[in-house]
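Undergrad:
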Amino acid sequence: MVKTVANDVHTLIEHDKKHYIHPTSSPKLQQEEGTPLIFTSGEGVYANSKDGKRYFDGLSMLWNVNIGHGRKELATAAYEQMTQMAYASSFKGYSNEPAIKLAEKLASISPGDLNAVFYTSGGSESNDTAFKLARFYWAQKNKPKKRKIIALENAYHGVTIGAQTATAIPLFHNFSESGIADVLHAKAHITACENGDKNDPDYESSIRATIEREGADTIAAVILEPVQGSGGVYIPPAGYLEAVRTLCNEHEILFIADEVICGFGRTGKMFSVEHWGVTPDMMSIAKGISSGYAQLGGVMVNDAIHTVINEYDGVLAHGFTYSGHPTACAVALKNIEILENEKIVEHTAQMEKELLAQLKKLEDKHAHVANSRSIGMLAAFEVVKNAETGERFAEDVAPAVKVVDECFERQLILRALGPNRDVIAIAPPLTITKEEIAEMISIIDEALTASF
Numbered sequence: 000m001v002k003t004v005a006n007d008v009h010t011l012i013e014h015d016k017k018h019y020i021h022p023t024s025s026p027k028l029q030q031e032e033g034t035p036l037i038f039t040s041g042e043g044v045y046a047n048s049k050d051g052k053r054y055f056d057g058l059s060m061l062w063n064v065n066i067g068h069g070r071k072e073l074a075t076a077a078y079e080q081m082t083q084m085a086y087a088s089s090f091k092g093y094s095n096e097p098a099i100k101l102a103e104k105l106a107s108i109s110p111g112d113l114n115a116v117f118y119t120s121g122g123s124e125s126n127d128t129a130f131k132l133a134r135f136y137w138a139q140k141n142k143p144k145k146r147k148i149i150a151l152e153n154a155y156h157g158v159t160i161g162a163q164t165a166t167a168i169p170l171f172h173n174f175s176e177s178g179i180a181d182v183l184h185a186k187a188h189i190t191a192c193e194n195g196d197k198n199d200p201d202y203e204s205s206i207r208a209t210i211e212r213e214g215a216d217t218i219a220a221v222i223l224e225p226v227q228g229s230g231g232v233y234i235p236p237a238g239y240l241e242a243v244r245t246l247c248n249e250h251e252i253l254f255i256a257d258e259v260i261c262g263f264g265r266t267g268k269m270f271s272v273e274h275w276g277v278t279p280d281m282m283s284i285a286k287g288i289s290s291g292y293a294q295l296g297g298v299m300v301n302d303a304i305h306t307v308i309n310e311y312d313g314v315l316a317h318g319f320t321y322s323g324h325p326t327a328c329a330v331a332l333k334n335i336e337i338l339e340n341e342k343i344v345e346h347t348a349q350m351e352k353e354l355l356a357q358l359k360k361l362e363d364k365h366a367h368v369a370n371s372r373s374i375g376m377l378a379a380f381e382v383v384k385n386a387e388t389g390e391r392f393a394e395d396v397a398p399a400v401k402v403v404d405e406c407f408e409r410q411l412i413l414r415a416l417g418p419n420r421d422v423i424a425i426a427p428p429l430t431i432t433k434e435e436i437a438e439m440i441s442i443i444d445e446a447l448t449a450s451f
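FYI, in numbering that gives the first Met the number 0 the residues of the sequence shown are 0 to 451.
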């Protein structure tokens with residue numbers, strides 16, 4: 000007997016509830032209501048579900064499907080590599096051709112002297128690796144006290160133990176009460192303070208004041224997202240990244256740029272630090288490196304750090320089974336080739352103007368929409384009680400959740416962010432067209448009208 004589609008979906012939902020523990024989800028809600036969506040296929044900015052619906056993917060799933068869904072070229076690249084050598088170890092100095100070629104390619108497109116990569120399987124592992132390498136670097140430089148890491152409030156750097164400690168979103172930071180020692184948090188985006196203005200009321204919360212209190216001889220690195228992503232899509236004010244770079248130089252502190260969300264064209268540059276002409280000492284990468292078609296991440300390091308690593312005659316006691324995974328590296332190479340050949344990064348910069356114009360229309364029409372912003376295809380707006388006065392809803396209202404739910408009912412996937420759940424994040428695949436932006440904004444318009 001052939002099962003109907005409805006019965007098939009029902010069976011999958013029941014098996015999902017029984018056997019699948021979902022990340023960053025409500026387990027109780029999952030058990031009560033089942034999975035809201037079972038994806039089956041996708042094309043461009045659209046993703047299809049098991050029940051036959053087509054959804055507009057307004058968040059590139061998890062900020063990572065940069066070149067869009069359904070690109071058969073990446074499947075072909077994976078297939079061709081798998082039929083030759085699907086997996087090869089990189090331990091004991093072993094290597095493989097895709098990992099070598101991708102390392103060379105990454106060096107050629109990364110800013111400044113970021114010329115070597117340590118491969119990981121994703122963003123959390125990349126940031127954990129950056130912390131380890133920072134501490135290792137200073138130990139080799141005979142400065143073992145330089146172990147502390149300064150991250151920013153509202154930051155998201157991942158959920159492995161080290162990365163979770165640096166993440167300053169309470170929901171993630173406090174999960175399971177696990178963490179590593181010597182990770183500090185400073186207030187984000189205080190340009191004047193980082194430039195040395197002690198009269199600023201926020202000075203004591205700044206990176207500079209934190210360095211002064213703790214002592215520069217104890218600080219290994221500062222890590223920040225050039226554009227804060229999961230914290231609410233906050234773009235830094237003018238001069239901020241430059242000030243942090245100068246501050247790190249001044250105190251012999253490594254500057255780690257977390258480009259996991261921002262990298263590979265998301266902001267209209269290959270890497271977002273290029274908007275500010277800043278070169279970090281290390282750069283964490285993942286997500287858009289393969290557009291989510293394979294699990295891959297890495298840490299780019301500058302020549303000084305690479306030299307110290309190369310002079311170490313012991314075993315570099317860090318690594319992952321899938322470091323330098325040949326299939327993932329082959330997929331990433333093809334992904335970067337597509338980004339370059341189709342001029343997708345340049346296209347993203349052009350589409351930013353269209354998205355900003357459309358978001359401004361929402362602000363003009365809806366009294367609850369404020370502070371819209373976008374850099375490339377990394378955008379957000381805030382849902383407030385009164386846009387004219389800036390008055391916000393009470394903390395327990397979570398107005399962005401209401402709007403996102405209304406969007407979902409209209410088959411648009413977005414995400415509610417921020418401590419009060421009043422920020423709506425928008426990050427569609429970079430291949431989006433003007434017509435598709437208009438379609439997406441039209442759905443948001445309807446959802447806002449239905450919400451208030």
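Ideal placement from N, C-alpha and C gives every residue a C-beta, glycine not left out.
Going by CA-CA distance only, name the one from 111, 229, 429 and 211 that's closest to residue 344.
TA: As a first step, residue 344 must be located in the sequence shown, where it is residue number 345. Of the listed residues, the one whose Cα sits closest to residue 344 is 429.
Undergrad: Within the stretch 358-440, note down every full alpha helix (DSSP H) run reaching 4 residues or more, in order along the chain.
TA: List check, alpha helix (DSSP H) in window: 398-408.
Undergrad: Of the residues 82, 43, 92 and 64, which one's Cα is nearest the Cα of residue 312?
TA: As a first step, residue 312 is located in the sequence shown; it is residue number 313 there, counting from the start. Of 82, 43, 92 and 64, the residue nearest in Cα terms is 92.
Undergrad: Judging by CA-CA distance, which residue of 56, 289 and 123 is the nearest neighbour of residue 332?
TA: Start at 1 with the first residue of the sequence shown, and residue 332 comes out as number 333. Measuring from the Cα of residue 332, the nearest candidate turns out to be 289.
Undergrad: Which class does residue 302 belong to by DSSP, given the choice of helix, strand or coil?
TA: Sequence index remark: in the sequence shown, residue 302 carries index 303 (1-based). In the structure shown, residue 302 sits in a helix (DSSP, three-state: H, G or I).
Undergrad: Would you grab the beta carbon distance between residue 423 and residue 379 for me? Rounded to a whole angstrom, and I think it's under 8 Å.
TA: To locate residue 423, count along the sequence shown from 1; it is residue 424. To locate residue 379, count along the sequence shown from 1; it is residue 380. Between residue 379 and residue 423 the Cβ distance is about 6 Å, and since that is below 8 Å, they are a contact.
Undergrad: Can you tell me where the alpha helix (DSSP H) holding residue 132 begins and where it ends?
TA: Translated into positions along the sequence shown, residue 132 becomes position 133. From DSSP, the alpha helix (DSSP H) with residue 132 extends over 122-139.
Undergrad: Quick one: grab the DSSP three-state call for residue 36.
TA: As a working note, residue 36 is residue 37 in the sequence shown. The answer is coil: DSSP assigns residue 36 none of H, G, I, E or B.
Undergrad: Taking 7 Å as the CB-CB cut-off, is residue 357 touching chain B?
TA: In the structure shown, chain B does not exist; there is a single protein chain.
Undergrad: Does the separation of the CB atoms of residue 246 and residue 212 fall below 7 Å?
TA: On the sequence shown, residue 246 is found 247 positions in, with the first residue counted as 1. On the sequence shown, residue 212 is found 213 positions in, with the first residue counted as 1. For residue 246 and residue 212, no; Cβs fall outside 7 Å.
Undergrad: Identify which residue in 347, 309 and 253 has its Cα closest to the Cα of residue 266.
TA: Here residue 266 refers to the residue found at position 267 of the sequence shown. Of the candidates 347, 309 and 253, the one whose C-alpha sits nearest the C-alpha of residue 266 is 347.
Undergrad: Out of 439, 398 and 411, which one is the CA nearest neighbour of residue 355?
TA: To locate residue 355, count along the sequence shown from 1; it is residue 356. Per the Cα distances, 439.
Undergrad: Give me, in chain order, the residues of the same chain whose beta-carbon lies closer than 6 Å to that of residue 274; leave out the 5 immediate sequence neighbours on both sides.
TA: Locating residue 274 in the sequence shown gives position 275, where the first residue counts as 1. For residue 274, where only same-chain residues beyond five positions count, the Cβ hits under 6 Å are 268.
Undergrad: Please state whether the Cβ-Cβ distance between residue 201 and residue 192 is less than 7 Å.
TA: Reading the sequence shown from its first residue, position 202 is the one you call residue 201. Reading the sequence shown from its first residue, position 193 is the one you call residue 192. Cβ distance < 7 Å, so residue 201 and residue 192 count as in contact.
Undergrad: May I ask you to report which of helix, strand or coil DSSP gives residue 4?
TA: By one-based count along the sequence shown, residue 4 stands at place 5. Confidence is the limiting factor: at residue 4 the pLDDT is only 48, short of 50, which leaves the residue's position unreliable and the question unanswerable from this model.
Undergrad: Quick one: Cα of residue 57 to Cα of residue 271, how far?
TA: Within the sequence shown, residue 57 is the residue found at index 58, counting from 1. Within the sequence shown, residue 271 is the residue found at index 272, counting from 1. Each residue's alpha carbon lies about 20 Å from the other.
Undergrad: Buried or exposed for residue 84, please, with buried defined as at least 16 other CB atoms from any protein chain shown within 10 angstroms of its CB.
TA: As a working mapping, residue 84 is identified with position 85 in the sequence shown. Residue 84 should be labelled exposed.
Undergrad: So for residue 90, helix, strand or coil by DSSP?
TA: In the sequence shown, residue 90 corresponds to position 91, counting from 1. Here residue 90 sits in helix by DSSP.
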